[in-house]
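Inspection log for the structure reproduced underneath, given as structure tokens.
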Amino acid sequence: MTRFRRRRDRIRRTVAIAWWTCCLVLSCVFLFPLAMVAMTVVKTPAEAVASPPTYLPRQLSFDNFKELWQAGLGMDTYLGNSIKVSLLTVVMTVILATLAGYGLAKLPFKGSNAVFMALLAPMMVPVQVLLTPLYLVLLRLHLSNSLVGLACVYTMSQIPLGVFVMRNAFASIPNEIEEAAWIDGCSLVRAAQSVSLRLATPGLATVALFAFFTSWNEFLAALILLNSDDHYTVPVLLQNLITGRFGTIDWGMLQVGVLVTSLPCIIVFLILQRYYVEGLLAGSVKS
Amino acid sequence: MARRRRLVGLALTLPAVVFVGVFFFAPLVTMGWMSLHDWPLVGRTKWVGLGNYKDLVTDSSFLHSLGLSLLFVLVATPLSVLLGLALAVLVQKNRTGAGVFRSVFFLPMVIGFAAAAYIWLWLLNPDVGHVNQILGDLGLMDKPILWLAHTGTALVAAVSLFVWKNVGFSMLLLMGGLQSIPDEIREAAAIDGAGRMRTFGSITLPMMRRTIALVLVFSTVGSVLVFEPFYILTRGGPGNSTTGVVQWVFSTSFFNFDLGYGAAASLVLLALLVFFSAFQLRAMRDES
Numbered sequence: 000m001t002r003f004r005r006r007r008d009r010i011r012r013t014v015a016i017a018w019w020t021c022c023l024v025l026s027c028v029f030l031f032p033l034a035m036v037a038m039t040v041v042k043t044p045a046e047a048v049a050s051p052p053t054y055l056p057r058q059l060s061f062d063n064f065k066e067l068w069q070a071g072l073g074m075d076t077y078l079g080n081s082i083k084v085s086l087l088t089v090v091m092t093v094i095l096a097t098l099a100g101y102g103l104a105k106l107p108f109k110g111s112n113a114v115f116m117a118l119l120a121p122m123m124v125p126v127q128v129l130l131t132p133l134y135l136v137l138l139r140l141h142l143s144n145s146l147v148g149l150a151c152v153y154t155m156s157q158i159p160l161g162v163f164v165m166r167n168a169f170a171s172i173p174n175e176i177e178e179a180a181w182i183d184g185c186s187l188v189r190a191a192q193s194v195s196l197r198l199a200t201p202g203l204a205t206v207a208l209f210a211f212f213t214s215w216n217e218f219l220a221a222l223i224l225l226n227s228d229d230h231y232t233v234p235v236l237l238q239n240l241i242t243g244r245f246g247t248i249d250w251g252m253l254q255v256g257v258l259v260t261s262l263p264c265i266i267v268f269l270i271l272q273r274y275y276v277e278g279l280l281a282g283s284v285k286s
Numbered sequence: 000m001a002r003r004r005r006l007v008g009l010a011l012t013l014p015a016v017v018f019v020g021v022f023f024f025a026p027l028v029t030m031g032w033m034s035l036h037d038w039p040l041v042g043r044t045k046w047v048g049l050g051n052y053k054d055l056v057t058d059s060s061f062l063h064s065l066g067l068s069l070l071f072v073l074v075a076t077p078l079s080v081l082l083g084l085a086l087a088v089l090v091q092k093n094r095t096g097a098g099v100f101r102s103v104f105f106l107p108m109v110i111g112f113a114a115a116a117y118i119w120l121w122l123l124n125p126d127v128g129h130v131n132q133i134l135g136d137l138g139l140m141d142k143p144i145l146w147l148a149h150t151g152t153a154l155v156a157a158v159s160l161f162v163w164k165n166v167g168f169s170m171l172l173l174m175g176g177l178q179s180i181p182d183e184i185r186e187a188a189a190i191d192g193a194g195r196m197r198t199f200g201s202i203t204l205p206m207m208r209r210t211i212a213l214v215l216v217f218s219t220v221g222s223v224l225v226f227e228p229f230y231i232l233t234r235g236g237p238g239n240s241t242t243g244v245v246q247w248v249f250s251t252s253f254f255n256f257d258l259g260y261g262a263a264a265s266l267v268l269l270a271l272l273v274f275f276s277a278f279q280l281r282a283m284r285d286e287s
């Protein structure tokens with residue numbers, strides 16, 4: 000009996016070692032590109048373009064950061080643009096999705112199901128396909144080459160998921176809770192605010208998170224809908240860093256740019272990944 | 000009171016409806032209208048009926064871009080689903096460390112496609128990139144590989160980028176599918192004498208077929224629409240050999256200023272995507 004148990008333990012340990020080895024090796028592969036970026040940004044600009052490249056920096060330097068900060072009109076302009084577009088997208092998406100989600104879940108009207116389906120429709124048509132006519136619509140609204148116009152396009156693309164998540168969030172709160180608040184003397188608005196909205200906060204976080212990731216990272220729409228240097232967002236700026244100088248690319252500076260665009264997403268993801276994963280599942284499986 | 004409540008509901012929903020109307024339905028209708036015209040960026044538009052569509056069918060550059068996108072789908076989607084399944088099996092159980100590995104495999108998903116493409120552009124550069132360096136150090140390469148200068152290796156580069164970025168998403172959905180199968184079913188199979196591989200092949204996989212179909216659809220749509228890998232890595236070259244369909248529409252509309260023609264191509268692409276989405280909807284309706 001003990002021999003049998005010892006054998007079972009040995010098998011179990013072998014399996015565990017194999018599992019850890021497998022996962023660790025795969026993690027190295029997945030993290031390798033990011034680790035290399037992290038190594039390169041702190042090299043001197045000369046070392047960053049050395050051929051063959053060095054694995055570890057020989058000398059620490061923040062000159063790449065300084066260079067990027069002075070690129071074009073200055074990094075603060077482009078970062079500012081990205082922050083403005085993202086903030087505007089998040090705020091508009093959260094407001095529109097919360098209002099519509101509440102209306103559809105708690106105060107249904109004639110045809111509200113059809114309206115719900117119509118609000119989900121943009122999910123079926125990716126923004127990439129619509130860019131040509133969107134360009135003309137924005138032109139007519141005097142929103143072409145504007146950060147507000149771009150934020151409107153991103154908001155439109157986020158409304159389906161936003162309304163879907165918020166409607167479900169409000170629908171899962173029993174009506175009795177709000178009604179109890181009315182009886183206690185709250186007005187309709189106060190009741191909605193203090194009771195339902197608080198309970199729907201996780202949904203709200205999911206919606207805001209998705210709006211942020213999309214608007215911060217998006218490239219093609221920004222490339223097409225913005226056409227003056229002072230309006231570029233960070234992903235478009237990176238494109239210009241490559242094409243701006245004939246043939247030579249300042250690799251160190253470019254990697255700093257990559258770091259600046261990805262780091263906020265990585266940090267936000269690591270802190271709020273629960274909401275992110277929930278949103279992904281809501282946007283795909285459950286819809 | 001009931002009437003007022005309905006009106007309030009309508010009023011709350013209205014802003015979102017107006018927004019989607021202006022920025023989604025209006026462009027969608029405009030696109031249909033444009034596709035029936037010869038529509039330059041500036042100057043007069045001219046009605047051409049179905050002329051744009053007729054031209055598309057015989058336009059070799061369009062058909063080539065469509066072919067490239069389909070080729071990309073055929074390579075990238077199976078890889079992304081199979082690797083996603085392998086990762087899902089690896090991290091599905093809640094053992095020590097599994098959560099961390101899940102986050103690691105999922106992490107590339109949150110980085111922008113453009114940023115990821117710049118990383119690839121740099122890693123694959125024959126002078127300063129680490130990929131050739133590693134291959135050289137391991138003695139696997141005699142002379143530098145110009146990854147992005149040849150159609151075949153450029154495709155390998157774009158596929159690896161797509162898989163790196165998206166496999167975590169496949170993993171996540173498939174993991175959900177795996178976890179939703181009750182342990183009892185697998186245990187019952189084990190008691191009946193089925194081995195692990197046998198149980199996986201004839202019980203687990205068939206029970207997950209809807210999740211797998213769903214992941215296939217997502218991966219397919221995602222890879223048809225892929226733009227940044229090719230645009231940033233190769234600019235569509237050498238020649239036009241790596242110009243995908245989204246990039247073709249982009250350059251037709253905004254470099255050749257042939258907006259009507261671009262709109263017609265977009266609608267063809269949209270029809271393809273709706274076809275896939277309908278498939279997706281059907282798979283999900285079966286479930287409920």
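Listed in order, the protein sequences are those of chains G and S.
Take the first sequence: its letter number 239 is residue 238 in numbering that gives the first Met the number 0, and every next letter is one higher.
Take the second sequence: its letter number 100 is residue 99 in numbering that gives the first Met the number 0, and every next letter is one higher.
C-beta atoms are modelled at their ideal positions from N, C-alpha and C, and glycine is treated no differently.
Rounded C-alpha distance that separates Lys285 of chain G from Asn165 of chain S: Its pLDDT being 48, under 50, Lys285 of chain G is placed unreliably in this model, and the coordinates cannot settle the point.
query: Are Leu253 of chain G and Leu236 of chain G close, meaning C-beta to C-beta below 7 angstroms?
result: For Leu253 of chain G and Leu236 of chain G, no; Cβs fall outside 7 angstroms.
- request: Take Leu271 of chain G as the anchor and find which of G:Phe211, G:Val24 and G:Gln58 has the nearest alpha-carbon.
  value: Of the candidates G:Phe211, G:Val24 and G:Gln58, the one whose C-alpha sits nearest the C-alpha of Leu271 of chain G is G:Phe211.
query: Tell me, which residues are paired with Pro14 of chain S by DSSP?
result: Its beta-bridge partners do not exist; DSSP assigns none.
field: Through-space distance from His230 of chain G to Leu146 of chain G, alpha-carbon basis
entry: When rounded, the separation of the alpha-carbon atoms in Leu146 of chain G and His230 of chain G is 7 angstroms.
query: Which full runs of the alpha helix (DSSP H) of 4+ residues lie inside the segment 237 to 274 of chain G, going along the chain?
result: List check, alpha helix (DSSP H) in window: nothing returned.
- request: Mind the definition here: the segment 152 to 161 of chain G touches the segment 6 to 23 of chain S only if three or more C-beta pairs lie below 8 angstroms; say whether that holds.
  value: For the pair of segments examined, the segment 152 to 161 of chain G was found to touch the segment 6 to 23 of chain S: the number of CB pairs separated by less than 8 angstroms reaches three.
- request: Step through the CB atoms of chain S and report whether any lies within less than 7 angstroms of the CB of Pro51 of chain G.
  value: Yes, because at least one Cβ of chain S sits closer than 7 angstroms to the Cβ of Pro51 of chain G.
- request: Output yes if chain S places a C-beta closer than 7 angstroms to the C-beta of Ala221 of chain G; else output no.
  value: With 7 angstroms as the cut-off, Ala221 of chain G does not count as an interface residue toward chain S.
query: If the cut is a Cβ gap below 9 angstroms, which residues of chain C does Phe3 of chain G touch?
result: This model lacks chain C altogether, as its protein chains are G and S.
task: Assign Ser287 of chain S to one of two classes, buried (16 or more other C-beta atoms within 10 Å of its C-beta) or exposed (fewer than that).
output: For Ser287 of chain S, the predicted model reports a pLDDT of 46, less than 50, meaning its position is unreliable and no value from the coordinates is stated.
message: So, with DSSP's three-state summary, where would you put Lys285 of chain G?
response: Because the pLDDT of Lys285 of chain G is 48, which lies under 50, any placement of that residue in the model is unreliable, and the number read from its coordinates should be weighed accordingly. Helix, per DSSP.
- request: Please report the Cβ distance between Val28 of chain G and Pro26 of chain S, rounded to the nearest whole angstrom; I am assuming they are in contact, meaning their Cβ atoms lie under 8 angstroms.
  value: Not really, about 41 angstroms apart at Cβ, beyond 8 angstroms.
task: Would you please verify whether the beta carbon of Val93 of chain G is less than 7 angstroms from any beta carbon of chain S?
output: Not closer than 7 angstroms to any Cβ of chain S, the Cβ of Val93 of chain G fails to qualify, so no.
message: What would DSSP say about Pro201 of chain G, mapped onto helix, strand or coil?
response: Secondary structure at Pro201 of chain G: helix, using DSSP grouped into helix, strand and coil.
query: Listed in chain order, which residues of the segment 104 to 120 of chain G have Cβ atoms closer than 8 angstroms to some Cβ of chain S?
result: So the list reads Lys105, Leu106, Pro107, Phe108, Lys109, Ser111, Val114, Ala117, Leu118 and Ala120, given in the order they occur along the chain.
Residues in the segment 161 to 172 of chain S having any Cβ partner in chain G nearer than 8 angstroms: Listed in chain order, the positions of the segment 161 to 172 of chain S with a beta carbon within less than 8 angstroms of a beta carbon of chain G are Trp163, Phe168, Leu171 and Leu172.
task: Would you list the one or two residues that DSSP bridges to Trp46 of chain S?
output: Note: Trp46 of chain S is bridge-paired with S:His36 in the DSSP secondary-structure output.
field: Straight-line Cα distance separating Asn63 of chain G from Val40 of chain G
entry: If you take the alpha carbons of Val40 of chain G and Asn63 of chain G, they lie about 6 angstroms apart.
- prompt: Who are Val257 of chain S's beta bridge partners in DSSP?
  reply: Position check: residue 257 of chain S holds Asp in this sequence, whereas Val was assumed. DSSP, once it has assigned bridges, lists S:Pro39 as partnering Asp257 of chain S.
message: Rounding to the nearest angstrom, what Cα-Cα distance links Gly251 of chain G and Phe31 of chain G in this structure?
response: So the alpha carbons of these two residues sit roughly 17 angstroms apart.
- prompt: Do Ile202 of chain S and Ala189 of chain S have their C-beta atoms within less than 7 angstroms of each other?
  reply: Not in contact: Ile202 of chain S and Ala189 of chain S (Cβ atoms no closer than 7 angstroms).
Any chain G beta carbon closer than 7 angstroms to Val72 of chain S: Closer than 7 angstroms: no.
message: I'd like to know whether the C-beta of Thr260 of chain G is nearer than 7 angstroms to at least one C-beta of chain S.
response: Interface residue, yes.
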